[in-house]
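Here is the structure we will look at, set down as structure tokens.
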Amino acid sequence: MRPHTLPEVVAGLLDKGLADWSQVALTTDDRSASDTLELGATDHNVRLAIKAGLAPEIAVQCVTINPARHMRLTPWVGSIAPGRYADIVLLSDVAEFEIAKVWADGAQVSDGKTYLPAVPKIDWPDWAADTINIGRSLEAEDFAVQAAPGRATMKAAVLRPFHWADDFLTFELPVRDGLVQRDESRNITKFAVVDRFSGAGAVSKMFWLGCGPRTPDTALACSMAHDKHNVWCVGSSDAAMAKAVNALAENRGGWALVREGEVVARVRYEIAGLMSCRPAEALHEEMQHLYAEGAKVDWMYEPTFHPRWLPGFPERLAFATLTCAPWRWVLVAPSEHAPQGLVNVQTGETHPVVF
């Protein structure tokens, strides 16, 4: 069970009378450093399950012996028994699942929520750190969508976050100076995916609905994009999008926010463009600065099928380009098969972004 739906699922299973919970496990599922510092890790999942009505001893089994049994690891982990490896957690309050102390490898490692030993420093190799290989500095022209000659408008294939429908949306968009334009009045902005692996500097771009900045010359870029993890960028101008992606590349990945033409926030994911080797508190500080600067942006918003697509800073765009998605049409990095990047991931069909 994922924490996003855990309370509802636990309550539903209890309501249906489930007695044997041995095949149920709980997962942290993409929890950020900020959320972990505020909420906890596995302990937060256990608290959610207890508050949803599960007995504390059953909730503990869902994060210990149950996953160990499923992974066939019970000879080594999952229980406190002779011959097993185990962290030992002492609680000050069972119902609230408040941690008092933790022992690991025979030594006390926490006093409450405070970690006691020195954090080991890992000497990450260059191949694990230098993974943002765009190959060049991007320009505004890389994000332009060309119109057909002589056209005053073009029909555009438009997506929105978590677009759970068989076909893409279509809108008639204006053309100016030979380029297809955004339409802020209808909550339509530009979304791009940048190939960050090959060094070819390939960029796919199209128009999306209800997810980007309305503030002029503003863009947000990120190198975490489940599950291919190419760079995605959403912006109100092509120049701002180029500036955001270039700033992200300088940082070896993470987040970059350009507001009104200036880089106002960066978050470094310096390991594989997905993780940080710095303390969680340092990453948390950068993320809070990003959120604060993002709060000064006027973000477009329209509801979609996803119940957790909310107004404000569009962090969940990191999950909106799943290539193993239950939705159909996805924007991916350009390839020989899909030169413009718009592809139906269930059929392999491609389509122009404007026509």
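When you line the sequence shown up against this note's numbering, it's residues 10 to 364, in that order.
Virtual Cβ for every residue (Gly too), placed ideally from N, Cα, C.
Taking residue i and residue j to be in contact with their CB atoms under 8 Å, please state how far apart those CB atoms are, rounded to whole angstroms.
i	j	result
Lys110	Ser119	6 Å
Leu257	Val243	That belief does not hold up - the Cβ atoms of Leu257 and Val243 are roughly 13 Å apart, past 8 Å.
Ile67	Trp30	5 Å
Leu100	Phe106	6 Å
Val306	Thr227	6 Å
Arg317	His13	7 Å
Met233	Ala327	5 Å
Asp175	Arg337	6 Å
Determine the direct distance from the alpha carbon of residue j to that of residue i, and round the result to whole angstroms.
i	j	result
Arg145	Thr356	33 Å
Ala291	Ser285	9 Å
Ser88	Thr73	7 Å
Ala34	His235	23 Å
Glu269	Pro222	10 Å
Phe180	Asp135	45 Å
Asp102	Leu15	21 Å
Ala161	Gly208	35 Å
Cys231	Ala50	24 Å
Leu63	Gln32	14 Å
Gly115	Asp96	9 Å
Met296	Arg287	13 Å
Ala372	Ala61	Since the first residue shown for the chain is 10 and the last is 364, residue 372 is missing from the structure and cannot be characterised.
Ala274	Val18	38 Å
Pro312	Leu319	7 Å
Arg185	Met163	11 Å
Arg205	Asn239	5 Å
Does DSSP put residue i in a helix, a strand or coil?
i	result
Asp102	strand
Ser207	coil
Trp136	helix
Ile108	strand
Met250	helix
Gln297	helix
Lys60	helix
Gln70	helix
Asp151	helix
Leu35	coil
Tyr83	Note on residue identity: the sequence assigns Thr, not Tyr, to residue 83. The answer is coil: DSSP assigns Thr83 none of H, G, I, E or B.
Asn239	coil
Thr51	helix
Phe328	helix
Ser41	coil
Val273	strand
Ile176	The sequence given here places Asp at residue 176; Ile does not occur at that position. Asp176 falls in the coil class under three-state DSSP.
Gly194	Here the sequence assigns Ser to residue 194, which means Gly is not the residue at that position. Helix, per DSSP.
Which one of the options has the shortest CA to CA distance from residue i?
i	options	result
Leu168	Val154, Ile197, Leu147	Ile197
Ala251	Lys199, Gly62, Pro84	Lys199
His1	Leu48, Thr36, Val18	This structure does not reach residue 1, given that the chain is present from 10 up to 364, and the question cannot be answered.
Arg277	His346, Ala289, Asn75, Arg268	Ala289
Trp308	Glu345, Glu259, Pro225	Pro225
Ala449	His315, Ser245, Pro323, Arg317	Outside the displayed span of the chain (10 to 364) sits residue 449, for which this structure offers no information.
Leu182	Ala165, Ser194, Glu271	Ala165
Asp151	Asp44, Ala211, Met10	Ala211
Arg195	Leu178, Trp264, Pro65, Asn75	Leu178
Arg71	Ala116, Thr37, Asn353	Checking the sequence shown, residue 71 turns out to be Cys, not Arg. It is Thr37.
Thr334	Pro170, Met215, Ala137, Thr359	Strictly speaking, residue 334 in this sequence is Ala, with Thr absent from that position. That would be Pro170, whose Cα lies nearest to the Cα of Ala334.
Arg56	Val69, Leu46, Asp44	Val69
Ile141	Arg275, Asn255, Ala249	Asn255
Asp192	Val202, Cys220, Ala329	Cys220
Ala104	Ala138, Ile59, Val128	Ile59
Val272	His298, Pro343, Ala281, Gly282	His298
Val267	Ala253, Gly92, Leu351	Ala253
Val362	Ala157, His315, Arg185, Gly121	Ala157
Leu218	Thr123, Ala301, Tyr310	Tyr310
Ala281	Asp139, His315, Ala90	Asp139
For residue i, count neighbouring Cβ atoms within 10 angstroms of its own Cβ and tell me buried if that reaches 16, exposed if not.
i	result
Asp247	buried
Leu27	exposed
Met80	exposed
Leu340	buried
Trp85	exposed
Glu279	buried
Trp173	exposed
Lys214	buried
Val189	buried
Gly92	exposed
Val128	exposed
Gly350	buried
Leu125	exposed
Quick check: is any heavy atom of the ligand GTP less than 8 Å from the C-beta of residue i?
i	result
Ala327	As far as ligands go, the structure on display features none, and thus does not contain the ligand GTP.
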